[in-house]
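Asker:
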Amino acid sequence: MEHRSIGELMTRDVVSVRLDTPFKEIARALSDHGVSAVPVLDDGGRPVGVVSEADLLRKAANRSDQSGRTPLPHLEAWERARAEGVVAAEIMSAPALCAYPGWTVVEAARVMADRHVKRLPVVDETDALLGIVSRSDLLRVFLRQDSAIHEEITRDILARTLGLAPSAVTADVEQGQVSLHGAVDDEHTIAVLLRLCGSVDGVVAVSEDLERPSAVTGPDESAGKGPS
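Start counting the sequence shown at 107; every next residue gets the next number (this note's numbering).
Rendered as structure tokens:
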């Protein structure tokens, strides 16, 4: 099976800022380009942090509310320092969590989920910026056509990997949901089949009504017995 890589899904035309980029220029870059965050690059073009809308809004939240309707938030020392920052180096979230172009969607999604981030700069082996991948980029795999999913399961999993005859197991795919039908030789094959189908790009769920192997029976108990 061939999974789409982060290098295929990432956005290559990346809006970025430098460590000394002023607050207002960062806000203008986010607004002009319709993005919610930008990587911060050092002089070698390597991401060292990320500035998001949330980082910029911390400055507004840290101001006194003249209406008196909301209290001033309690900020830790590091949060207050970032709220008072005036250039990217003082505002950014650091270090930058990065992905590599050869990563799969699963790898990137797990990092995003584990670290509670919405995007990852993508870097090469020298840590130079290549692109950026967001949650919405990862979700593009679920736009894959049912026919392409069906073809991959039939060709790569059923025939090539498991060596099953076309008449043994068939797969129906609708809206990314895979239904397996037929019969297999053992329970282990069923477990492997479900796992492999579930790992195909674009699959939402897998169900099966496969016939289980017949229970192993001993010798005919009636053999050697005389008439009752």
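Just so it is clear, CB atoms sit at the ideal spot from N, CA and C, and this is done for glycine as well.
1) Identify every run of the beta strand (DSSP E) within the segment 193-232, keeping only runs that are complete inside it and at least 3 residues long; order them along the chain.
2) From L226, D230, L270, pick the residue whose C-alpha is nearest to that of L203; which is it?
3) Ignoring anything shorter than 4 residues, give me the alpha helix (DSSP H) runs that lie fully in the segment 269-316, in order along the chain.
4) Do V211 and D307 come within 8 angstroms of each other at the CB atom, strictly closer than that value?
5) Considering only DSSP beta bridges, list what S240 is partnered with.
6) What do you reckon, are the CB atoms on L368 and V154 nearer than 8 angstroms?
7) My guess is that L316 and G288 are in contact by the Cβ rule of under 8 angstroms, so how many angstroms apart are they, rounded?
8) Tell me the rounded alpha-carbon separation between S111 and V157.
9) If you compare alpha carbons, which of E196, S142, L249, D220 is closest to F129?
10) For T117, name the three-state secondary structure that DSSP assigns.
11) Taking one C-beta from the segment 130-137 and one from the segment 231-245 each time, how about it: are there three or more such pairs within less than 8 angstroms?
12) Could you check whether the segment 255-270 touches the segment 292-301, counting it as contact only if at least three pairs of C-beta atoms, one from each stretch, sit closer than 8 angstroms?
Answerer: Looking at the coordinates:
1) 225-229
2) L226
3) 293-304
4) yes
5) R225
6) Any answer about residue 368 is impossible in this case: the structure gives the chain only from 107 up to 334.
7) 6 angstroms
8) 25 angstroms
9) E196
10) strand
11) no
12) yes
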